[in-house]
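Q:
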Amino acid sequence: MTAERLSKERLRLWLRMLRVTRQVESTLRERLRTEHDTTLPRFDVMAALYADGNGLKMNELSRRLRVSNGNVTGIIDRLVEDGCVERIAIEGDRRATRVCLTDAGRASFSKMATEHERWINALFEGVAEEDAHHIGELLHRLPTPLHDAT
Numbered sequence: 341m342t343a344e345r346l347s348k349e350r351l352r353l354w355l356r357m358l359r360v361t362r363q364v365e366s367t368l369r370e371r372l373r374t375e376h377d378t379t380l381p382r383f384d385v386m387a388a389l390y391a392d393g394n395g396l397k398m399n400e401l402s403r404r405l406r407v408s409n410g411n412v413t414g415i416i417d418r419l420v421e422d423g424c425v426e427r428i429a430i431e432g433d434r435r436a437t438r439v440c441l442t443d444a445g446r447a448s449f450s451k452m453a454t455e456h457e458r459w460i461n462a463l464f465e466g467v468a469e470e471d472a473h474h475i476g477e478l479l480h481r482l483p484t485p486l487h488d489a490t
């Protein structure tokens with residue numbers, strides 16, 4: 341394969357990946373909104389907190405989600421208001437707080453996560469287990485982080 345043809349194939353791959361990602365994300369956003377009255381960013385914050393049962397400092401949460409502290413703060417404020425998250429002061433550091441899911445937040449997220457998995461399975465229904473594994477392995481070949489590839 342020539343360098344030019346390889347370049348074109350990689351561009352086509354990127355456009356396919358982008359199209360599929362946008363379609364899946366759009367579907368997830370709509371279902372979270374209509375079935376759980378929530379947003380994808382809020383779901384992502386709750387997922388990160390759910391995965392780390394001890395909670396996270398705000399800067400750790402921002403780093404994990406790759407978003408600004410300001411974006412996370414607004415979401416956390418609303419989750420606190422809704423009783424899904426609590427802020428816990430960190431002893432010895434007046435400026436830092438740890439945020440973690442409340443019992444109600446854990447229950448709410450657990451229900452959403454179960455449905456999220458069901459939605460993903462339905463969206464990728466035509467992809468066999470072996471193919472899903474193979475595609476995942478191929479995507480792991482991409483340089484990490486991608487900006488190192490330039």
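Under the numbering used here, the very last position in the sequence shown is 490; numbers go up by exactly one each time. No residue lacks a Cβ here, since even glycine has one placed at the ideal position from N, Cα and C. Since we're looking at a predicted model, the values are computed, not measured.
(1) If you draw a straight line from the C-alpha of residue 398 to the C-alpha of residue 344, how long is it?
(2) Between the Cα of residue 438 and the Cα atoms of 475, 416, 447 and 448, which residue gives the shortest distance?
(3) Per DSSP, what kind of secondary structure is residue 490 in: helix, strand or coil?
(4) Please state if the CB of residue 368 and the CB of residue 460 are separated by a distance shorter than 9 Å.
(5) If we call anything under 9 Å between Cβ atoms a contact, is residue 441 one with residue 395?
(6) DSSP on residue 429, reduced to helix/strand/coil?
(7) Quick check: what's the CA-CA separation for residue 350 versus residue 359?
(8) Along the alpha helix (DSSP H) that carries residue 417, what are the first and last residues, could you check?
A: Inspection of the coordinates gives the following:
(1) So the two alpha carbons sit approximately 45 Å from each other.
(2) 416
(3) In this prediction, residue 490 has a pLDDT of 48, which is less than 50 and means its spatial position is unreliable; what the coordinates show is noted afterwards. Three-state result, residue 490: coil.
(4) Cβ atoms of residue 460 and residue 368: closer than 9 Å.
(5) Yes, the pair counts as a contact, with Cβ atoms nearer than the cut-off.
(6) strand
(7) Distance from the CA of residue 350 to the CA of residue 359, rounded to the nearest whole angstrom, comes to 14 Å.
(8) 409-421
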